[in-house]
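*Asks:*
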Amino acid sequence: MKITFVGTSSGKASLDRFHSSLLLSTEDYNLLVDAGDGISRALLVNGINFNSINGIAFTHLHPDHFSGLPALIVQMKMMNRKEPLDIYVHHSLKNVIEDFLLHSYLLPEKMKLEIRYRTFKDDDNVKISDNFSFLARKNSHLVELEKYKVNHPSISLYSASLLFETERKKIIYTSDISSVEDMFLFKEITSNIFISEATHLQTSILIETLSKIEAGKIYLTHFSDEDFQMISEILATLPNSLRNKIIIAVDSLSFEI
Ligand SMILES: [Zn+2]
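Last residue of the sequence shown: 258 (my numbering), numbering continuous.
(1) Give me the Cα-Cα distance between Arg138 and Ala199, rounded to the nearest whole angstrom.
(2) Under a Cβ-count criterion, where at least 16 other Cβ atoms within 10 Å of its own Cβ denotes burial, should Arg169 be classed as buried or exposed?
(3) What residues come near ligand 1, if near means a beta carbon less than 5 Å from any of its heavy atoms?
(4) From this set, Ala250, Ser242, Lys218 and Lys246, which residue's C-alpha is nearest Gln230's C-alpha?
(5) Between the segment 72 to 80 and the segment 37 to 53, are three or more C-beta pairs nearer than 8 Å?
(6) Which first and last residues belong to the alpha helix (DSSP H) in which Phe101 is found?
(7) Around the Cβ of Asn241, are there at least 16 other Cβ atoms within 10 angstroms (buried) or fewer (exposed)?
(8) Let me make sure I understand the geometry here. Which of Ala36, Ser197 and Ala72 has the alpha-carbon closest to that of Asp65?
(9) Please state if the CB of Ala216 and the CB of Thr60 are separated by a distance shorter than 8 Å.
(10) Put His91 into one of helix, strand or coil per three-state DSSP.
(11) Which full runs of the beta strand (DSSP E) of 3+ residues lie inside the segment 13 to 87, going along the chain?
(12) Report yes or no: do the segment 185 to 202 and the segment 148 to 168 share at least 3 C-beta pairs separated by less than 8 Å?
(13) Does Asn241 come out as helix, strand or coil in the three-state DSSP assignment?
(14) How is Leu207 classed by DSSP in three states: helix, strand or coil?
(15) How many Å lie between Val127 and Glu166 at the Cα?
(16) Report yes if the CB atom of Leu23 is closer than 8 Å to the CB atom of Gly56, and no otherwise.
(17) For Phe256, count neighbouring C-beta atoms within 10 Å of its own C-beta (all shown protein chains included) and say buried if the count is 16 or more, exposed if not.
(18) Taking Cβ positions, are Ile178 and His142 nearer each other than 8 Å?
(19) Round the Cβ separation of Pro1 and Arg119 to the nearest angstrom and send it over; I've been treating them as touching at under 8 Å.
(20) Fully enclosed by the segment 106 to 136, which beta strand (DSSP E) runs are 3 residues long or longer?
(21) May I ask you to list the residues that DSSP assigns as paired with Glu166?
Put into structure tokens, the structure is as follows:
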């Protein structure tokens, strides 16, 4: 599997980096994880052909993770795509995406490419291709919004952390998280790669938590330009044994596992 950090910025727009998005490539499937504002341009900069993407998985619907979808589908249409596009999303969010596309005038009867919704529930094992699957667990990223649900009962506050598995490798992607507990949603698993969008954790707590994570390598992402600098400086002070395990991801970082 090849992992590419298409973007690594936080929700804050940056001149130098794109919003957070990952591309996971196996022999027969390219899965994009999240497609926020500016994703089409981010893919262009990374030299990734829009039509090489077989499916997109969404962790949650904050705009920096999701709002680039209609624009990306328009690019695919302009390239005359006929192959279907899979959308992996929690079942409670499917209608939001469907409506978003519809109200962006991406009408199914006008499109040559089929959008195939592959919805999942918490803890479902979702098969992507023969040797590639994932499992989602709800994290606490959107819990602070629960109190507004009385006024907006139709909104879904599901935000997923994902465990990706191939035949030999396990990758934990915490996605955007808001509590230390979210770092341990898959605590029964020792992953080869642990990727965390840890921007909403207090820095001191994040650093303390990193030493407790059992993984081959830890990648941190989703930092603003200012926080990126600050975290880099703090990591430099850690003991080598821990420091060597942790990488702060930058846009276009790509590696095979
Ligand atoms: Zn978010």
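A virtual CB, placed ideally from N, CA and C, is assigned to each residue, including glycine.
*Replies:* In short:
(1) 17 Å
(2) exposed
(3) His63 and Asp177
(4) Ala250
(5) yes
(6) Lys95 to Leu103
(7) exposed
(8) Ala36
(9) no
(10) strand
(11) 22 to 26, 31 to 34 and 56 to 58
(12) yes
(13) helix
(14) helix
(15) 10 Å
(16) no
(17) exposed
(18) yes
(19) Coverage of the chain is limited to positions 2 through 258, which leaves residue 1 absent and any answer about it impossible.
(20) 116 to 121 and 126 to 130
(21) Ser134 and Lys171
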